[in-house]
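Since the structure comes first, as structure tokens, the remarks are kept for the end.
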Amino acid sequence: MTEEIVASFDYQIEKDDFKIAGSASSHIKKILKQLGLPNPLVRRASIIAYELEINLVIHTVGGAMHLEVHPNCVVISTEDMGPGIEDVDQAMTEGYSTANDTAREMGFGAGMGLPNIRRCSDEFSIRSTFGTGTWIRSEIHVG
Amino acid sequence: MRKDVHAVKVRADRCTGCTRCMQSCPTEAIRVKAGLAVINAARCIDCSQCIESCPYDAHSVISGSLDEIKKYKYTIVIPAITFASQFPGDVKIDKLCFALRKLGFDLVFSEGLAVDYLKDRIREIIVNEQIKKPIISSHCPAVIRLIQTKYSSLIGHIMPTGSPVDIAANMARNLCKENLGLTDSEIGVFYLSPCPARVTNVTNPIGMQESAINVTIPIKDVYAEVLRTLSGMEDSFVELGNCMKPENLPWAESGGQALMSGVDNYIAVSGIHEVAKVFDRIEMGELDDVDFIEASSCIGGCVGGPLNIENPFVAQRNIRKLAENSTQGYFQMIDSVLAQFKHIYLTEEISPRQTNILDEDFTKAIEKMKQIEEITSRLRGLDCGSCGAPSCRALAEDIVQGKARMEDCVFYKEQQHLWRLEDESE
């Protein structure tokens, strides 16, 4: 069996850094366009990456985002160092938000982030331990 | 297929290979090879950033000249809406029209006449038609080319109407054919342009099969002659057929289209790098609640075009003065022929320009992407431009596509040299 070709990218996302929030997802968008993926797929992946990135900025102490491009799928995942989600089911509900006032004033924190990510994904999984951190994986099928 | 020819050319006698234009290009279309800037036509969007950034005036615009007037039996000149703003606000607009005819033209016909048609249609389209919001103005050809090149997912957002100059050119042609019994080949339509994007649009049109304009001349090329004529004219002079429509002049300013069309929920963005940032936001679905995006490649709108003379912000003040000082524009023949004029839509599909894709084969594209990342990680990351590419990553892309070598990087070359010295001393 030949080894599968995978291009992977890592991004560090800082807590509360609204000024550069979006730069990792912009980079991801650029990469996927250069790879020649169709516009609707690039758009879905960009939305997923952007929502994930904003989540790290608003809700966590900071974390990492990864992009993996396989011949048959695109995987975007994040992991953070906390604080973790108390009730994952509640967090997946549209409109539910724990965002603070600063984030809301900037137009974030509408409680649509996670539901949006799940809606744009072909496969979605989330694991969170309250007090420890959250791991999210989103996959989009290619072709 | 049309040849991808653009108006901006690098002058080898002036270019020093300084890399400023390369660094400012929004589509990374420029490389410096052997001390000379080279523009990749497939990526060029005619935005003029290279012209604006060049301290040596090494980017010239290939355009037409007044000598071509004699090639035609009857000539029409369409001054860009920006034209009047190049003169002090107390200039009389009918004098400007006369001065233009003195250049040798038979008829002065303004873009402003087309604006009358367009402004109401724009509002109607925004309110009534099922086009993806936000709708992006089709006015600026450089912006449309930016969309084709880097934001192809936004093609469906483009306003389906043509821009005033093309509408005006068709109007003027029709008018002269019907009223004067002329044929198309006897009529020469000349456009006085504020920017190279419009020059390119005549030979390489977007959204239409063929341009109704024959010759484009930079505003700056006729400025001195017009000024001379103006200074020699009597104060009391009145020219019949003042068609410049001073009330439509704000169209040339960023925000003018939205203002004149009566659209409230809009973003007016100018300067190609800022336009790109707004397009990034639209692609992320963040601006879906905005009706209209008026995007101009040049700062301040068309008044910021590099083929103008006046500073864009002074020109904006001139527009305000002109609008105050002039009576409404009129055009004698307009009612009969122009009232039936309906050709205001783009007639050809706008297609993406696939110039940034690494490989048609997706697996090969991934492989190339891996190589690009690997090479980028070995480069210094200073984006110094000494290699002739705008960034370390762009160099890595060029290497993988076989257009550059690792040795083009001065730091890599130096390192190699040091290794060689070490080897020799051992």
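So the protein sequences, as listed, match chains A and B.
Going by our numbering, 133 is the number at position 133 of the first sequence; the sequence numbering is gapless.
One gets our numbering by counting positions in the second sequence from 1 and adding 1000 to each.
Built from N, CA and C at the ideal position, the CB exists for glycine as well.
- Against chain B, the CB of K19 of chain A has no partner CB under 8 Å away; the residue lies outside that interface.
- Rounded to whole angstroms, R43 of chain A and S1152 of chain B show a C-alpha spacing of 11 Å.
- For V1005 of chain B, the number of other beta carbons within 10 angstroms of its own is below 16, and it is reported as exposed.
- The secondary-structure analysis by DSSP pairs H66 of chain A across a beta bridge with A:D10, A:S77.
- With a 10 Å radius around the Cβ and a threshold of 16 neighbouring Cβ atoms, L1382 of chain B comes out exposed.
- S1254 of chain B is a Cβ neighbour of S1296 of chain B, given a cutoff of 8 Å.
- A direct Cα-to-Cα measurement between A1389 of chain B and L1259 of chain B gives close to 41 Å.
- Going by beta carbons, I1051 of chain B and V1010 of chain B fall outside the 8 Å limit.
- Contact between L1100 of chain B and V1115 of chain B is ruled out by a C-beta separation of about 18 Å, above the 8 Å threshold.
- In the displayed model, A1169 of chain B falls within a helix according to three-state DSSP.
- The segment 1186-1241 of chain B is shown to contain whole alpha helix (DSSP H) runs of 4 or more residues at 1196-1203, 1219-1231, in chain order.
- When CB distances to chain A are screened at a threshold of 8 Å, the residues of the segment 1343-1363 of chain B falling below it are Q1354, N1356, I1357, L1358, D1359, E1360, F1362, T1363, in chain order.
- Comparing alpha carbon positions, the residue from B:I1399, B:P1250, B:D1280 closest to L1322 of chain B is B:P1250.
- Going by C-alpha positions, N1356 of chain B is about 8 Å away from K33 of chain A.
- Going by beta carbons, S46 of chain A and M1369 of chain B fall outside the 8 Å limit.
- Each residue's CA atom was taken as its position, placing H66 of chain A and E1360 of chain B some 25 Å apart.
- Here E105 of chain A is exposed: its Cβ has fewer than 16 other Cβ atoms, across all protein chains shown, within 10 Å.
- Identification of chain A residues near G1402 of chain B by a Cβ-Cβ cut-off of 7 Å yields none; the smallest Cβ-Cβ distance measures about 16 Å.
- At least one C-beta of chain B is nearer than 8 Å to the C-beta of G36 of chain A.
- A check of alpha carbon separations from C1409 of chain B across B:D1106, B:K1033, B:D1288 identifies B:K1033 as the nearest.
- Shown here is that no member of the segment 1049-1077 of chain B has a Cβ falling below 8 Å from a Cβ of chain A.
- Rounded to the nearest whole angstrom, the CA to CA distance from M1208 of chain B to A1041 of chain B is 20 Å.
- Counting along the chain, I140 of chain A sits inside the beta strand (DSSP E) bounded by residues 133-141.
- Per the coordinates, the alpha-carbon of P1088 of chain B lies some 38 Å from the alpha-carbon of G1017 of chain B.
- Counting C-beta atoms within 10 angstroms of its own C-beta, Q12 of chain A has fewer than 16 neighbours from the protein chains shown and is therefore classed as exposed.
- Interface annotation, Y11 of chain A: not in contact with chain B, CB-CB separation never under 8 Å.
- In this model, N39 of chain A and G131 of chain A are separated by some 38 Å (Cα to Cα).
- Straight-line measurement puts the Cα of L1113 of chain B at about 18 Å from the Cα of S1211 of chain B.
- Chain-order list of chain A residues neighbouring I1366 of chain B: I5, V6, A7, L35, V69, H70, P71, by C-beta distance under 9 Å.
- Counting only the Cα atoms, R1198 of chain B lies some 19 Å from I1069 of chain B.
- For the C-beta of I31 of chain A, the chain B residues within less than 7 Å are, from N- to C-terminus, M1369.
- Nearest to D80 of chain A by alpha-carbon distance, out of A:A64, A:E68, A:E139, A:A21, is A:A64.
- Listed along chain A, no residue sits closer than 9 Å to G1381 of chain B by beta-carbon distance, the nearest being about 14 Å off.
- Neighbours of S138 of chain A in chain B, taken as residues at a C-beta separation under 8 Å, are lacking, since the least C-beta distance is about 16 Å.
- Partner residues in the beta bridge of T1161 of chain B, as assigned by DSSP, are B:Y1345.
- According to the DSSP assignment, L1100 of chain B belongs to the alpha helix (DSSP H) that extends over 1093-1102.
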